[in-house]
Amino acid sequence: MLVVPAILACDTRAVRIIRPGDAGDDVRDVQRRLIALGRSLDPDELEGRFGPSTLEAVRSFQTERRLPEDGLVGPDTWAQLVEAGYGLGDRVLYLRYPFLRGDDVRALQRRLNALGFDTGREDGILGRETDSAIREFQRNIGDAIDGIVGPDTIGALARLRPDDAAPSRAVVREAEALRSMHGEFPGAVVAIDAGHGSDDPGISSPHGDESIVTLDLAVALAQELEARGSVPLLLRAADSDPTPSERAQLANDAGAFALVSLHLADDALGTSCAFFGTASTYSPAGERLAQMIQQNLCGLGLADRGTHRLAISLLRETKMPAVEVEVCGLRAEGNRLHDNGFRRDVIRAIAGGIERFLSVPAEPAGVPGT
Ligand SMILES: [Zn+2]
Numbered sequence: 000m001l002v003v004p005a006i007l008a009c010d011t012r013a014v015r016i017i018r019p020g021d022a023g024d025d026v027r028d029v030q031r032r033l034i035a036l037g038r039s040l041d042p043d044e045l046e047g048r049f050g051p052s053t054l055e056a057v058r059s060f061q062t063e064r065r066l067p068e069d070g071l072v073g074p075d076t077w078a079q080l081v082e083a084g085y086g087l088g089d090r091v092l093y094l095r096y097p098f099l100r101g102d103d104v105r106a107l108q109r110r111l112n113a114l115g116f117d118t119g120r121e122d123g124i125l126g127r128e129t130d131s132a133i134r135e136f137q138r139n140i141g142d143a144i145d146g147i148v149g150p151d152t153i154g155a156l157a158r159l160r161p162d163d164a165a166p167s168r169a170v171v172r173e174a175e176a177l178r179s180m181h182g183e184f185p186g187a188v189v190a191i192d193a194g195h196g197s198d199d200p201g202i203s204s205p206h207g208d209e210s211i212v213t214l215d216l217a218v219a220l221a222q223e224l225e226a227r228g229s230v231p232l233l234l235r236a237a238d239s240d241p242t243p244s245e246r247a248q249l250a251n252d253a254g255a256f257a258l259v260s261l262h263l264a265d266d267a268l269g270t271s272c273a274f275f276g277t278a279s280t281y282s283p284a285g286e287r288l289a290q291m292i293q294q295n296l297c298g299l300g301l302a303d304r305g306t307h308r309l310a311i312s313l314l315r316e317t318k319m320p321a322v323e324v325e326v327c328g329l330r331a332e333g334n335r336l337h338d339n340g341f342r343r344d345v346i347r348a349i350a351g352g353i354e355r356f357l358s359v360p361a362e363p364a365g366v367p368g369t
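Using numbering that gives the first Met the number 0, read the sequence shown as starting at 0 and increasing by one per residue.
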């Protein structure tokens, strides 16, 4: 079993979460961005007070962006508020580190893909694949091949009028690649993320903190996967709490074939599985992995809370099919996880879903929609 070295897993993060009841400049900044995105707020709150209308606006923004609808402005929601403010042409785009992110990058990816160039997933992150597609596009139109998307390249893109309404090419390509996958489970690296960590315990309950329960499940899942012949990679240890981006990077660097992030639900009963997706795009491979794990867990009698799209950084920044599993409700059902038989069934259900995903090719299907 591979375990991430402690030096990579240590992290000094100081992200302040902006929440209802807060007041001040950072709340005013959030409000300014919400208003620019078309949300209306109660004038009484515009002095930088996080009141009910701000909460409502944050929640509706989270729904639209496929983020957890908790009404809190944490790292993901804040990043998306910033990214949503960029339209294509607002700034010059090019490959740099850290990668540029934003709705302008996503619009660029969508157009290039619609024209037959291959940016990879339409994730709104300008990485190497998108850079190659930009250069390929510039080569095709006889433009200077500099990888810089300024007014000239945007003008050329606009003149070619790619069909923005067509199904996303990135989704079609990923679905095609999925059908040629088979027999990849033996020896494949499978990343296992125990949700939360030493700095953030997640949900607290009489059955233990979420971070403790997820690590316990993650270790058992790693053992099960190893016994079945794959190579599990645990993304954190008991005393660490890497950021979601660091976890994604670890899995990418290890060349993982699949990633499963383990969480528990708050008060809800039953299982749900999330895969990368926004309103306009999603990962068909992530969806298939989610469905296979979901089906197995529901087969144990857990209530079916379904599979859904989620745009959190861990799912967005990972290159491999990735799924966040909420195994069951921690407060309502956490006691069941102390039952060895049930716990073993849960582990086998998740491992079996991953094994099937990596072993059995997907059925041919029509062109997936967006
Ligand atoms: Zn959680």
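Cβ atoms here follow ideal geometry from the backbone N, Cα and C, with glycine treated the same way.
Between Pro243 and Leu296 a beta carbon distance of about 23 angstroms is seen, past the 8 angstroms cut, so the two are scored as non-contacting. The residues Gly47, in chain order, have a CB closer than 8 angstroms to that of Asp24 in the same chain once the five nearest residues on each side in sequence are set aside. For the pair Val81 and Asp266, the Cα-to-Cα distance works out to about 31 angstroms. Straight across, the Cα-Cα distance linking Gly352 with Ala78 is about 32 angstroms. When DSSP reads this structure, Gly276 sits in a beta bridge with Tyr281.
No heavy atom of ligand 1 is found nearer than 7 angstroms to the CB of Gly333.
Under DSSP, Ala193 shares a beta bridge with Leu261.
Ser39 and Gln61 have their alpha carbons spaced roughly 15 angstroms apart.
Every beta strand (DSSP E) of 3 residues or more that sits fully in the segment 199 to 261 is shown, in chain order, as 230 to 233.
Note: Ser271 is bridge-paired with Glu325 in the DSSP secondary-structure output. In this model, Glu225 and Val218 are separated by some 11 angstroms (Cα to Cα). According to DSSP, residue pairing for Arg48 in a beta bridge involves Ala22. When Cβ pairs closer than 8 angstroms are counted between the two stretches, the segment 196 to 213 is seen not to touch the segment 132 to 147, the count staying below three.
Non-local C-beta neighbours of Arg18 in its own chain, meaning closer than 6 angstroms and more than five positions away in sequence, comprise Leu71, ordered along the chain. By the rule of a C-beta closer than 6 angstroms to any heavy atom of ligand 1, the residues picked out are Gly194, His195, Gly201, Glu209 and His262. Residue nearest to Ile191 within the set Asn334, Tyr281 and Ala257 is Ala257 (criterion: CA-CA distance). Contact check for Leu233 against Ala221 passes: the beta carbons are separated by less than 8 angstroms.
Contact annotation, Asp162 with Asp151: C-beta distance approximately 22 angstroms; criterion of less than 8 angstroms not satisfied. Listed in chain order, the alpha helix (DSSP H) elements of length 4 or more contained wholly in the segment 119 to 156 are 127 to 140.
Sequence-distant partners of Ile34 (beyond 5 residues in either direction) whose C-beta falls short of 8 angstroms from its own C-beta, in its chain, are Leu40. Counting only runs of at least 3 residues, the segment 284 to 318 fully encloses the following beta strand (DSSP E) elements, listed from N- to C-terminal order: 303 to 309.
Nearest to Gly228 by C-alpha distance, out of Leu301, Ala250, Met319 and Ala187, is Ala187. In the DSSP annotation of this structure, Gly333 is not part of any alpha helix (DSSP H), being labelled neither H nor E. Less than 8 angstroms divides the Cβ of Leu263 from the Cβ of Gly333. For His206 against Ser358, the beta-carbon gap comes to about 34 angstroms, at or over 8 angstroms, which does not count as contact. By the Cβ neighbour-count rule, Asn339 is exposed, with fewer than 16 other Cβ atoms within 10 Å of its own. Exclusion of the five residues before and after Ala155 leaves Ile140 as the residues of its chain whose Cβ lies within less than 6 angstroms of its Cβ. For the pair Ser210 and Gly194, the Cα-to-Cα distance works out to about 6 angstroms. Comparing alpha carbon positions, the residue from Arg95, Val104 and Leu94 closest to Gly88 is Val104.
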